[in-house]
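Q:
What follows is the structure, given as structure tokens:
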């Protein structure tokens, strides 16, 4: 047993993992099998190692001594493997200490532990449940990277996957009485597409709505508050709408009732209709005020969409015939903006509000349609002008031909002239 | 166009009837005149400059002095994209692109908080276009403002 | 005295040119089955005059700076009355002029009109062809849209591949290392000042030579007329040939008008130097055969870069083509046949590679 260790010591002695003093722990643990193994890469990239901390900062013991009995001895404060139950307190012993953390990064928050105890994880943990998430489950043990690092498990782009390691596993979550399809649902959502696919870091992930250290699902009344941090207009309109009071009374969460919480798909006009895909008919009965309003609004949106499309078509036609319609195309953008605005205004559930936006859009669509008509009329005018020009040219050509024939006819032939 | 030979006129001994020659003459003369008009008319109209001096891709008169009150703004077209002219509370004009750098919605000026706001996802910019809160990843492109007489001219910043 | 005679007299007294113009009245044009090919030179000249005229009209509104070029062309197309017509005629006429110039050159080649004493006419014509291609290349950039930006980038890149002097040539053409607003300024200068000046010079030379030497008659017709002198036909230049020439010019005018009105020239999208090149970028059709050749050549031919071999081959080929009259001196039959063969090969190759390049997406 000493042989591999001695071999390891001789072989890896020159390797200074993070520029500091030699680390007798790594000398062995780099080559041991898992679970004792710490990989070289982990050791190099881990933020604690990079800041000059080492194994003994958490595990105790003595890293300068090659003798395992001393290095891992009780006398040097060696704690051995840290159990799950010990983790939060251990991490918090530094990370909640403001004056200690200040030496490393003054702007790092130090309230993680205090938030944790308010979270669902923390509360269950306090009751002795060690299956719940503790610090290392999300941050990893020896390869902790700052959240800004794209390879960090807590980088916004990776957070959903990190949470789903437990919350997506039906097996692991057995006995907790909460669903495990959230990650699947979220993966199909527009937010996931924005964040993970398009790289838009402003899009929300699990922690944006649930919190990270204080992770708790938002209460029914506060769901809309969460969504409204980005979707301000929709929230304001909703709060002023008749739905707000009703939803509160029926204990329905605001935005989620129509848009779902995790599987937030791209909204369609069909959601406002009264047919398939409608969310209104989930509550409204056939013929009631809300039902009729939904029909009205849906009809108006569809009308505007059709008007914009009609304009697009005529502009396409003009453009493919060679007419220049870029100014009209620009104006079309305003029409599309009006349609987008109308689709936001529906959250106020007032037909007149939606109507005014629709009307703006219709005016623009009408103007661009007329521009297309004018372009086609201009095209016609050009072709007529061309026909006139060609006619005059042909006149000239006929005249020239007869003139040539005339001056070259046999009756006027002279020596040197040639007949045609 | 043709050089008439003064020596021997074809008309003198031509067996053709004079009417026929006149007919061709009309064709040729009339045709030449008509085709000349059909060329000259477009050219002369072309030479007359149109009412609008240019498409305003580079610089445009955004507003007149006195049009904006302090703490208000105006969206106007600069070339192909919308732009924003703000008259701040301090009396300074600021001009910037009105296309939000997040998802291209058109931004607006909020007088009560003195900054530029995007209604789509609550992005905020200060009056120099810097993105200060919310999703926008980049600042808004800045434009130069010059007051010329009673015209406020906004132009793209000179680059190489 | 008729009015026109009075005017001519008045001018003659002040320019004293009757001695010079008298021979012109007697000028004749040979009339044979190949006479129709004589029109091509004149049509090319006519199209050049159209280009100068429409070009001057465009100059009234065009702005040659990278910030404003595209917008100014857009302005001409949309705001200026009949601006679309002037611009479309300019673009179509440019392409037709290149076509007729090539047709004129090939007809001279196959009718062997370059033989002594017309070697200088041939050489000045080759220079004029080069100038026409230069007009096309420089003019193509001026609207500053995506296709023109990238076509210029690729074209000047190829020029940069020439050994030793290539980089210098490329920097000279581009006005820098990259295609920028400086390139636009430079190309504008070439297009409206340098090239027109040179073209005027060489057109003057070319026409002078044609006037002095008269029209060449193909060998076969020459031989026929030698044996049967009575068959010889000549047409007066004034007014017979000239009227026919003017008819041809009027037809060209009609064709241009129709093309401009029915297929107006497109504008595309303003160039964005930082955007990646769109797929399928290629130069205008008259450069396509060279472009396609360079594309199909393998990366390496022996120790040499494939593209370099292509460029050198074209350069050497062009040089040999220019020196043609000195190979085909009148006399033995042997040079005549393989020159004919070479001509057919070159024409076929150019047409085939152009078609290939057009359809290869």
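Protein chains in written order, with the numbering used here: chain A, 8 to 427; chain B, 1007 to 1166; chain C, 50 to 410.
Using N, Cα and C, we set each Cβ at its ideal position, and we do this for glycine too.
If you're wondering where the values come from, they're calculated on a predicted model, not measured in any experiment.
Can you name the residues that DSSP bridges to residue 1088 of chain B?
A: DSSP, once it has assigned bridges, lists B:1083 as partnering residue 1088 of chain B.
Q: Per DSSP, residue 1112 of chain B forms a beta bridge with which residues?
A: Residue 1112 of chain B is bridged to B:1105.
Q: Do the stretch 400-415 of chain A and the stretch 298-305 of chain C meet, that is, are 3 or more Cβ pairs less than 8 Å apart?
A: yes
Q: Starting from residue 151 of chain A, find everything on chain C with Cβ-Cβ shorter than 8 Å and list it in chain order.
A: Neighbours of residue 151 of chain A on chain C: none; closest Cβ ~38 Å, over 8 Å.
Q: Is residue 91 of chain A helix, strand or coil by DSSP?
A: helix
Q: What whole-angstrom Cβ distance do residue 127 of chain A and residue 215 of chain A have, given they're in contact under 8 Å?
A: 17 Å between Cβ atoms; not a contact.
Q: Just curious, the alpha helix (DSSP H) that residue 246 of chain A is in, first and last residue?
A: 239-246 is the extent of the alpha helix (DSSP H) around residue 246 of chain A.
Q: Rounding to the nearest angstrom, what Cα-Cα distance links residue 206 of chain C and residue 375 of chain A in this structure?
A: 42 Å
Q: What are the start and end residues of each continuous beta strand (DSSP E) run of 3 or more residues lying completely inside the stretch 358-426 of chain A, in chain order?
A: If one requires a minimum length of 3 residues, no beta strand (DSSP E) run lies completely within the stretch 358-426 of chain A.
Q: Please classify residue 113 of chain A: is it buried, with 16 or more other beta-carbons within 10 angstroms of its beta-carbon, or exposed?
A: Taking all protein chains shown into account, residue 113 of chain A has fewer than 16 neighbouring C-beta atoms within 10 Å of its C-beta and is therefore exposed.
Q: Which residues mark the beginning and the end of the beta strand (DSSP E) in which residue 1150 of chain B is found?
A: 1148-1154
Q: Taking the straight line between their C-alpha atoms, what separation do you get for residue 346 of chain C and residue 273 of chain C?
A: 46 Å
Q: I need the boundaries of the beta strand (DSSP E) containing residue 144 of chain C, first residue and last residue.
A: Segment 132-159 is the alpha helix (DSSP H) holding residue 144 of chain C; no beta strand (DSSP E) there.
Q: Express the C-alpha separation of residue 315 of chain C and residue 391 of chain C in angstroms, rounding to a whole number.
A: 38 Å
Q: Once you ignore the five residues that flank residue 101 of chain C on each side, which residues in its own chain have a CB closer than 8 Å to its CB?
A: 245
Q: Please list the partners that residue 1064 of chain B has in chain C, where partner means a Cβ-to-Cβ separation under 8 Å.
A: Within 8 Å Cβ-Cβ: 116, 117 and 120.
Q: Taking the CB atoms as reference points, tell me whether residue 168 of chain C and residue 352 of chain C lie closer together than 9 Å.
A: No.
Q: Drop a sphere of 10 angstroms on the beta-carbon of residue 158 of chain A, count the other beta-carbons inside from all chains shown, and report buried for 16 or more, exposed for fewer.
A: Using a 10 angstroms sphere on the CB of residue 158 of chain A, the tally of other CB atoms stays under 16, which defines it as exposed.
Q: Exposed or buried, residue 1163 of chain B, counting other C-beta atoms within 10 Å across all chains shown (16 or more means buried)?
A: When all chains shown are included, residue 1163 of chain B counts as exposed.
Q: Could you tell me whether the Cβ of residue 1027 of chain B comes closer than 9 Å to any Cβ of chain A?
A: yes
Q: Could you give the distance in angstroms between the alpha-carbon of residue 55 of chain C and the alpha-carbon of residue 67 of chain C?
A: 14 Å
Q: For residue 193 of chain C, is the classification buried or exposed, using 16 other Cβ atoms within 10 angstroms of its Cβ as the cut-off for buried?
A: buried
Q: Closer than 7 Å between beta carbons: that is the criterion. Which residues of the stretch 387-419 of chain A meet it against chain B?
A: 395, 396, 399, 400, 402, 403, 405, 406, 407, 409, 410, 413, 414, 418 and 419
Q: If we ignore side chains and look at the alpha-carbon of each, how far apart do residue 277 of chain A and residue 306 of chain A end up?
A: 10 Å
Q: Give the secondary structure of residue 28 of chain A by DSSP, where H, G and I count as helix, E and B as strand, and everything else as coil.
A: Caution is warranted here: a pLDDT of 47 is assigned to residue 28 of chain A, below 50, making its placement in the model unreliable, and no coordinate value can be reported.
Q: Name, please, each residue of chain A whose Cβ falls closer than 8 Å to the Cβ of residue 299 of chain C.
A: 400, 403, 404 and 407
Q: Could you give the DSSP three-state label for residue 1009 of chain B: helix, strand or coil?
A: With a pLDDT of 46 at residue 1009 of chain B, under the threshold of 50, the modelled position of that residue is not reliable, and no figure is offered here.
Q: Where does residue 1067 of chain B fall in DSSP's three states?
A: Strand, per DSSP.
Q: Do three or more CB pairs link the stretch 364-379 of chain A to the stretch 245-264 of chain A at distances below 8 Å?
A: no
Q: Run through DSSP, which three-state label would residue 395 of chain C get?
A: helix
Q: If you compare alpha carbons, which of B:1131, B:1120, B:1055 and B:1038 is closest to residue 1096 of chain B?
A: Sorting B:1131, B:1120, B:1055 and B:1038 by C-alpha distance to the C-alpha of residue 1096 of chain B places B:1120 at the top.
Q: Does the pairing of the stretch 152-163 of chain C with the stretch 250-263 of chain C give three or more beta-carbon distances under 8 Å?
A: no
Q: Alpha carbon to alpha carbon, how far is residue 65 of chain C from residue 312 of chain C?
A: 48 Å
Q: Quick one: grab the DSSP three-state call for residue 174 of chain C.
A: helix
Q: Are there 16 or more other CB atoms within 10 angstroms of the CB of residue 330 of chain A, so buried, or fewer, so exposed?
A: buried
Q: Thinking C-alpha only, which one of C:269, C:130 and C:401 is nearest residue 1057 of chain B?
A: C:130
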